[in-house]
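Quick note, the sequence shown lines up with residues -16 to 374 if you use my numbering. Shown next, in structure tokens, is the structure this report addresses.
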Amino acid sequence: MRVGEAALRFELATASRILFGAGVVREVVPAAKQMGRRPLLVVGHSPHRAAFLAEEFKTAGIGCVTWATRGEPSVTLVREGVELARSAQCDLVIAFGGGSAIDAGKAVAALLTNGGDPTDYLEVIGKGQPLENASVPFIAVPTTAGTGSEVTRNAVLASAEHRVKVSLRSPLMLARLAVVDPELTLELPPAATASTGLDALTQLIEPYVSSRANPLTDGFCREGLHRVSRSLRRAYQSGSDRAAREFMSLASLLGGLALANAGLGVVHGFAAPIGGMFDAPHGAVCAALLPHGMAINIRAVRARAPEGETLRRYETVARLLTGKPDALAEDGVEWVRQLCRDFQIPPLRSYGIEDKDVPTLVEKASQASSTKGNPISLTMDELQEVLTLAL
Ligand SMILES: [Zn+2]
-16 MRVGEAALRF
-6 ELATASRILF
4 GAGVVREVVP
14 AAKQMGRRPL
24 LVVGHSPHRA
34 AFLAEEFKTA
44 GIGCVTWATR
54 GEPSVTLVRE
64 GVELARSAQC
74 DLVIAFGGGS
84 AIDAGKAVAA
94 LLTNGGDPTD
104 YLEVIGKGQP
114 LENASVPFIA
124 VPTTAGTGSE
134 VTRNAVLASA
144 EHRVKVSLRS
154 PLMLARLAVV
164 DPELTLELPP
174 AATASTGLDA
184 LTQLIEPYVS
194 SRANPLTDGF
204 CREGLHRVSR
214 SLRRAYQSGS
224 DRAAREFMSL
234 ASLLGGLALA
244 NAGLGVVHGF
254 AAPIGGMFDA
264 PHGAVCAALL
274 PHGMAINIRA
284 VRARAPEGET
294 LRRYETVARL
304 LTGKPDALAE
314 DGVEWVRQLC
324 RDFQIPPLRS
334 YGIEDKDVPT
344 LVEKASQASS
354 TKGNPISLTM
364 DELQEVLTLA
374 L
């Protein structure tokens, strides 16, 4: 596209306030005091890590209710959280954890003011009604560097009954405050650093080449890709490297800002149905699919839209990742492939996905909301190729 060819039109929405930096977690309790009287503290796998927050609330004379969630959020789990928050009269939700805890908290915060059941508002499997009321004030405190969920407007929930993952989605769900403290990620083990970091990488590449990209999200993506290229290996090899952790926390935040406003692509289009049907961590699934999704997209663009902007964008991705000013689109794919090899990212087969599951997953991915952002419309054969290569 040349200057003057088309008029720009875009929207950008994010958390009302973002606090970033080492030690900013100390701001959570003072900020929460301004927002409500009885917080629900949603925590993930390691509730003890959030114990200091409960202690700080106690010192401030505020009784907070701690809710320890297990694993990725589901419709049933969110119902439990809403019930607990209602009975304890919570008027504020703070989520401290990875993407799962943050999504669970985000969903509970929305249902507290909108009433009804999660399924009333869920896409695909539910009634898909729009949320009408703003959530109770919601503070998101990520302890991993990957999902960017602290600044997204959706909560991904699993439905065991339907074997899918679907979103509760509304701009009304955006956090009142996102507190991104890289120090909280220092203890993340190498495997989780790799899978969440590769999710962050995917969430910077897909919005950058997305059909819905805009100049603001472009800037977030380029900055984030530059940071990932310089820090993900270091964070994996040496978890206590504070500078690397800071870069990855920032990259994750930038990815969240980008995906919430520019959408995603075919990798996340597959990650949603795979996550619903199989017990597989989201980041590792994205990582297994990413090089193949990129390669097939680039091949399709070379064949069907070589003059468009997408190829140039994949070249920019390659140059940012490799640091080589003359890198070609395919060099970016190779960089990602090598990273996945070095991180020992397992193929999708290791989660129990078999050849017989391919047609169903391809069908579901072709309908997934993320796939709509893919830069080029892939044929069913091409979609199948992406998945088969990742098996
Ligand atoms: Zn993701």
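All residues carry an ideal CB built from backbone N, CA and C; glycine is no exception.
Check: Can you give me the start and stop residues for the alpha helix (DSSP H) that Gln255 sits inside?; Outcome: Looking at the sequence shown, residue 255 is not Gln but Ala. It spans Val249 to Met260 - the alpha helix (DSSP H) in which Ala255 sits, taken as one unbroken run.
Check: Helix, strand or coil: how does DSSP classify Ala310 here?; Outcome: coil
Check: The alpha helix (DSSP H) with Leu372 in it runs from where to where?; Outcome: Met363 to Ala373
Check: Using CA coordinates, which residue listed in Ala218, Ile188, Val163 and Ser83 is at the minimum distance from Asn137?; Outcome: Ser83
Check: When you compare each of Glu55, Pro56, Ala15 and Ala245 to Lys41 by their alpha carbons, which one comes out closest?; Outcome: Ala15
Check: From the DSSP secondary-structure annotation, give me the bridge partner or partners of Lys16.; Outcome: Partner(s): none; Lys16 has no beta bridge.
Check: What span of residues does the beta strand (DSSP E) with Ala93 cover, start to end?; Outcome: Per DSSP, Ala93 belongs to no beta strand (DSSP E); it is in the alpha helix (DSSP H), Gly82 to Asn97.
Check: Report the three-state DSSP secondary structure of Pro379 (helix, strand or coil).; Outcome: Because the chain in this structure spans residues -16 to 374, residue 379 falls outside the shown range and cannot be described.
Check: Would you check whether ligand 1 has a heavy atom nearer than 7 Å to the C-beta of Thr185?; Outcome: yes
Check: Exposed or buried, what is Glu346 when buried is set at 16 or more other beta-carbons lying within 10 Å of its beta-carbon?; Outcome: exposed
Check: What separation, rounded to the nearest whole angstrom, lies between the Cα atoms of Asn244 and His145?; Outcome: 28 Å
Check: Please indicate yes or no: does the CB of Thr179 lie closer than 7 Å to some heavy atom of ligand 1?; Outcome: no
Check: Return the chain-ordered list of same chain residues with a C-beta closer than 8 Å to the C-beta of Ile328, the five sequence neighbours on each side being excluded.; Outcome: Ala177, Ser178, Leu181, Ala267, Ala270 and Ala271
Check: Tell me which residue opens and which closes the alpha helix (DSSP H) that Leu233 is part of.; Outcome: Arg225 to Ala245
Check: How about Ala93 and Met156: do their beta carbons lie closer than 8 Å?; Outcome: yes
Check: Using a Cβ-based criterion (distance less than 7 Å to any ligand heavy atom), does Asp182 qualify as near ligand 1?; Outcome: yes
Check: According to DSSP, simplified to helix, strand and coil, what is Pro125?; Outcome: strand
Check: Ligand 1 heavy atoms versus the CB of Cys204: any closer than 7 Å?; Outcome: no
Check: Quick check: does the Cβ of Ala283 come within less than 7 Å of any heavy atom belonging to ligand 1?; Outcome: no
Check: Does any heavy atom of ligand 1 sit closer than 7 Å to the C-beta of His251?; Outcome: yes
Check: Grab the span of the alpha helix (DSSP H) containing Ser349 for me, first residue to last.; Outcome: Val341 to Gln350
Check: Could you check whether Leu242 and Glu206 sit closer than 8 Å to each other, using their CB atoms as the reference points?; Outcome: no
Check: Comparing alpha-carbon positions, which option in Leu184, Leu36 and Ala(-2) lies nearest Phe121?; Outcome: Ala(-2)
Check: Any heavy atom of ligand 1 closer than 7 Å to the beta-carbon of Ala373?; Outcome: no
Check: Could you check whether the stretch 96 to 108 touches the stretch 45 to 65, counting it as contact only if at least three pairs of C-beta atoms, one from each stretch, sit closer than 8 Å?; Outcome: yes
Check: Apply the 10 Å Cβ neighbour rule to Thr126 and answer buried if 16 or more other Cβ atoms are within range, or exposed otherwise.; Outcome: buried
Check: Can the beta-carbon of Ala161 be found closer than 8 Å to that of Ser232?; Outcome: no
Check: CB-CB under 6 Å to Leu67, same chain, minus the five flanking residues each way: which ones, in chain order?; Outcome: Trp50
Check: Report yes if the C-beta of His209 is less than 7 Å from at least one heavy atom of ligand 1; otherwise report no.; Outcome: no
Check: Met363: which of Gly252, Ala312, Trp318 and Pro274 sits nearest, CA to CA?; Outcome: Gly252
Check: Look up Ala78 in the DSSP assignment and say whether it is helix, strand or coil.; Outcome: strand
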